[in-house]
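In this text, residue positions in the sequence shown follow our numbering: the first is 1, and each later residue adds one.
All residues carry an ideal CB built from backbone N, CA and C; glycine is no exception.
Predicted model, so just to flag it, every value in this text is computed and none were measured.
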Amino acid sequence: MKPLRIGNFSGFYGDRSDALREMLTGGEVDVLTGDYLAELTMLILARDRLKDPSAGYARTFPRQLEDCLGLAHERGVRIVTNAGGLNPAGLAGEIRRLADRLGIPVRVAHVEGDDLTAAHPGTLAAHAYLGGFGIAECLRAGADVVVTGRVTDAALVTGPAAAHFGWRPDDHDRLAGAVVAGHVLECGTQATGGNYAFFGEGDVRRPGFPLAEIHADGSSVITKHPGTGGFVDVGTVTAQLLYETGGARYAGPDVTARLDTVRLVGQGPDRVRIEGVRGEAPPPTLKVGLNRLGGFRNEVVFVLTGLGIEAKAALVREQLADALAKSPPEQVRWELVRTDRADADTEETASALLRLVVRDPDQRVVGRALSGAAVELALASYPGFHVLAPPGKGAPYGVFEDVYVPYVGATQETGASDVDTAQVPPAHGTVAHVAVLHDGRRVPVPPPRATCPLAAVPDPPLPEPLPPGPTRRAPLGLVAGARSGDKGGNANVGVWARSEDAWRWLAHTLTADTFRRLIPESRDLPVTRHPLPNLRAVNFVVEGILGAGVAAQARFDPQAKALGEWLRSRHLDIPEALL
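Structure (C-alpha cells):
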C-alpha cells in the first residue's frame with residue numbers, strides 16, 4: 001500500500017504564517033497537521049475566553065486558511081489541527097462561514113470531550129489530552145478539515161494514519177510507530193535543523209517544515225519537500241525524539257510507545273527511516289492539564305555599570321528592604337547577573353543586571369508601593385542608576401499542574417503505576433470523547449479496550465567503557481548534542497552521542513550525579529537518568545526546576561529551552577580520541 005504522506009505546517013501558536021502554502025505547493029502531501037497548543041497557550045486562550053466567550057481558539061489559523069483553503073481543496077489535501085484550543089466548535093463554525101464566503105465546498109468536523117473546566121473549580125482551563133481516534137472517525141466520515149481542542153500532539157498523526165490504514169485500537173505497534181513519527185513532526189522545523197545543537201552543518205536560515213511517509217506497518221520516513229531549507233538527518237530526528245520525553249515508556253491515550261525500541265536509519269539526503277517501534281496498551285487514565293491564576297508578579301531590573309558591581313547591588317537591596325518589609329510579598333527573589341566585563345569598550349558590556357522579582361496573591365502587595373519605592377531611588381542610589389523598564393502595577397501569572405482521570409466507561413485500575421488512579425474520583429471529570437461529524441452527527445469514541453498501568457523499565461545494559469587513555473578538559477558539546485524542554489514544573493534534557501565510541505564514553509560518564517555537578521540548579525532536586533542505547537542517548541528529567549510551570553516564570557529560562565545548551569558548554573575530562 002502506498003505510504004500516507006503527513007506534513008506539518010505549525011509547531012506553535014505564532015509559527016510561520018506562510019508555511020501552510022509552502023507545504024501545499026512544495027510537493028506531494030496527503031494530510032497537513034497544525035499544532036498550536038502548549039501549556040502556556042492554553043492559559044493565553046483561557047484569558048481570551050474570559051474577555052470574549054466566543055473566543056478561545058487560535059485566531060491566526062482562519063487567516064492562514066483563507067489564503068489556502070481553495071488550494072487544499074483542489075489538491076485533495078486534508079487538514080487536521082488542534083487550533084480549536086478551548087473552543088473547537090467555534091473554530092469549526094468560523095471555517096464553515098469562511099468556506100461559504102469563498103464558495104469552496106469543504107466538509108468541516110471537530111472533536112469534543114477534552115474540556116473538564118467545570119469539574120475543576122478555580123481553574124481557568126482544565127483539558128484532557130485526547131487521542132487520535134476521534135480525528136479518525138471524522139476523516140472516515142469524509143471530513144476535509146478536522147478541528148480539535150486539547151489532544152496529544154502525536155494524535156494529529158495517529159488519527160489520520162488510523163483512518164487511512166484501518167488500524168484498530170489494539171494495533172499497538174503500528175500506533176506506536178505513528179506516535180513516534182507524530183512526535184518528530186509536532187514541533188515543525190525542530191526536525192529539520194531548527195534549534196539544533198549542530199546547526200552549522202546545514203543552511204538553517206529558513207528551515208523547511210517536515211513530513212512523514214507513514215507505512216501500513218507503522219514505520220515511517222521523515223523527510224521534507226525538495227528545495228526547502230534546513231536538513232533532515234539522524235541527528236535532527238534524534239534531537240526531536242528526545243524533546244520533552246522521559247523514560248523508555250512514552251505514554252499516551254492511544255498507546256504507550258517504547259522509545260527504547262526505536263531504530264533510526266539514514267536513507268540518503270534528507271531521509272531518515274524510523275522502524276522497530278513497539279507499542280503497549282495505554283494507561284487506564286488520561287492526563288488533564290490544569291491552568292489557574294497563581295497570583296500577581298512584578299519585576300524590576302536594575303542596570304549596574306562599571307566598578308563596584310557587588311557594592312552597588314548590595315546598596316539597592318538595602319534601600320528596598322524597608323519597602324519589602326512593610327507589606328512582605330509571598331515570594332521575593334533577587335538575582336545578580338554578571339554580564340559585565342572589565343575594561344569594556346561599550347557601556348552595555350560594562351554593565352551587570354540586578355533582577356528583583358516579587359510574587360503574591362494580592363496585586364497591591366507587588367504593585368504601586370513596590371514600584372514607587374524602586375522609582376524613588378532614581379536620584380538617591382548608586383552612581384549611574386537606571387532600570388531596563390519602568391516597573392508596573394503587577395501582572396497576573398499562571399500555574400500549570402496535571403492530574404489524571406478515567407474515560408467514561410473505563411475501568412479504573414491500580415497497581416504498579418506511577419499514577420494513583422485510586423485517588424481519582426469517578427464523578428469528577430470523566431472524559432467523554434466525541435467526534436462531531438461534518439453533517440452534525442455525534443459519534444462517541446469508546447475508551448481503549450485494554451489498558452496497562454505504567455511501570456518503570458529496568459535500565460538496559462550499557463556498552464563496554466572506552467579503554468583508559470589521555471584526556472583533555474573540554475566542553476561536553478564537542479562530542480554530544482542536547483535538546484531540552486519543559487513539562488509543567490519539570491525539565492528534560494536529552495543528550496546523545498554522535499559515534500559509537502562517544503556513546504561508550506557518555507553512557508558511563510554522564511550520570512545523574514555528574515549532571516547535578518554540571519547544573520548546580522539541580523543539585524537539591526530529583527534527577528532521573530533514562531538510558532536509550534538505540535539512540536545512543538541518555539534522557540534526564542529534573543523535577544521542580546521550573547517551579548509551577550512556564551507561566552509562573554520561576555527562572556531565567558522558564559521553559560528550559562537552553563538548559564541543554566548550558567549543559568553542553570560545561571567542561572569535563574574527555575578522551576582525546578573523541579576530540
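message: Given this structure, state the Cα-to-Cα distance separating V357 from D171, to the nearest angstrom.
response: 50 Å
message: Just to confirm my understanding: we take P361, look at its own chain, exclude 5 residues before and 5 after, and list those with CB closer than 6 Å. What are they?
response: G295
Backbone CA spacing between T148 and G194 [nearest angstrom]: 26 Å
- prompt: Looking only at its own chain, which residues have a Cβ that is under 8 Å from the Cβ of V237, when we skip the five neighbours before and after it?
  reply: V184, A191, I222, L264, V272 and I274
message: For A257, list the residues DSSP reports as bridge partners.
response: Y250 and G279
Given H530 as reference, the closest of P458, P470, G488 and E576 once Cα atoms are compared: P458
query: Would DSSP call F199 helix, strand or coil?
result: helix
query: By a C-beta neighbour count over all protein chains shown, 10 Å radius and 16 as the cutoff for buried, is D52 buried or exposed?
result: exposed
query: A141 by DSSP, collapsed to three states: which one?
result: coil
field: Neighbourhood of P448 by C-beta, 6 Å cutoff - its chain only, sequence neighbours within 5 removed
entry: P169 and P282
Sufficient close CB pairs (3 or more, under 8 Å) joining the region 291-310 to the region 135-143: no
- request: State yes or no: is the C-beta of L354 within less than 9 Å of the C-beta of E335?
  value: yes
CA nearest to the CA of S351, picked from E213, V332 and F302: F302
message: When you compare the CB positions of A181 and A136, do they come within less than 9 Å of one another, or not?
response: no
- prompt: Below 8 Å, can you find three or more Cβ-Cβ pairs linking the region 482-493 to the region 528-542?
  reply: yes
query: Where A216 and T430 are concerned, what is the direct C-alpha to C-alpha distance, given to the nearest angstrom?
result: 33 Å
field: Beta-carbon spacing of Y404, H433 below 9 Å
entry: no
field: Other residues of its chain near G415: CB distance less than 6 Å, five sequence neighbours each side excluded
entry: Confidence at G415 is low in this model, with a pLDDT of 35, below 50, so the placement of that residue is unreliable and no value is reported for it.
- prompt: Using DSSP with H/G/I as helix, E/B as strand and the rest coil, what is F165?
  reply: helix
message: Less than 8 Å between C-beta atoms, sequence neighbours within five positions excluded: which residues of the same chain meet that for L315?
response: S381 and Y382
- request: Taking R298 as the reference, give the member of R364, D203, P470 and L259 with the closest Cα.
  value: Checking the sequence shown, residue 298 turns out to be Asn, not Arg. For the residues R364, D203, P470 and L259, the minimum Cα distance to N298 belongs to R364.
L156 beta carbon less than 9 Å from that of H666: Residue 666 falls outside the range modelled here, since the chain spans only 1 to 579, and no answer is possible.
- prompt: Whole beta strand (DSSP E) runs in the region 275-358 with 3 or more residues, listed along the chain?
  reply: 278-280, 286-305 and 331-337
- request: Could you check how far apart the C-beta atoms of G279 and D153 are, in whole angstroms? I think they sit under 8 Å.
  value: Going by Cβ atoms, the distance from G279 to D153 rounds to 17 Å, so no, they are not a contact pair.
message: Within a Cβ cutoff of 6 Å, which residues of the same chain sit near D114, ignoring the five residues on either side of it in sequence?
response: H127, A128, L130, G149 and R150
Three-state class that DSSP yields for A46 in the structure shown: helix
field: Rounded separation between G549 and N82 - CA only
entry: 21 Å
- request: Give the secondary structure of T245 by DSSP, where H, G and I count as helix, E and B as strand, and everything else as coil.
  value: coil
query: With respect to the beta strand (DSSP E) encompassing L581, which residues constitute its N-terminal and C-terminal limits?
result: Only positions 1 to 579 of the chain appear in the structure, and residue 581 is not among them; the question remains open.
- request: Go through its chain and collect everything with a Cβ distance to D445's Cβ below 7 Å, but skip five positions before and after it.
  value: Contrary to the premise, residue 445 reads as Val rather than Asp in this sequence. Excluding residues within five positions, the ones whose Cβ falls inside 7 Å are F133, G134, E137, H433, V434 and A435.
message: On a Cα-Cα basis, can you pick out the residue from L510, G469 and R536 that is closest to G235?
response: R536
- prompt: Thinking C-beta only, is V232 closer than 9 Å to P210?
  reply: yes
field: Neighbourhood of R570 by C-beta distance below 8 Å, restricted to the same chain and skipping five residues each side
entry: P475, L476, L518 and I519
message: Is it the case that the region 160-169 contacts the region 118-127, given that we only count it when at least three CB pairs across the two stretches are under 8 Å?
response: no
query: Going by the CB atoms, is the gap between D486 and P396 shorter than 9 Å?
result: no
field: Within 9 Å, strictly: CB atoms of R249 and L241
entry: no
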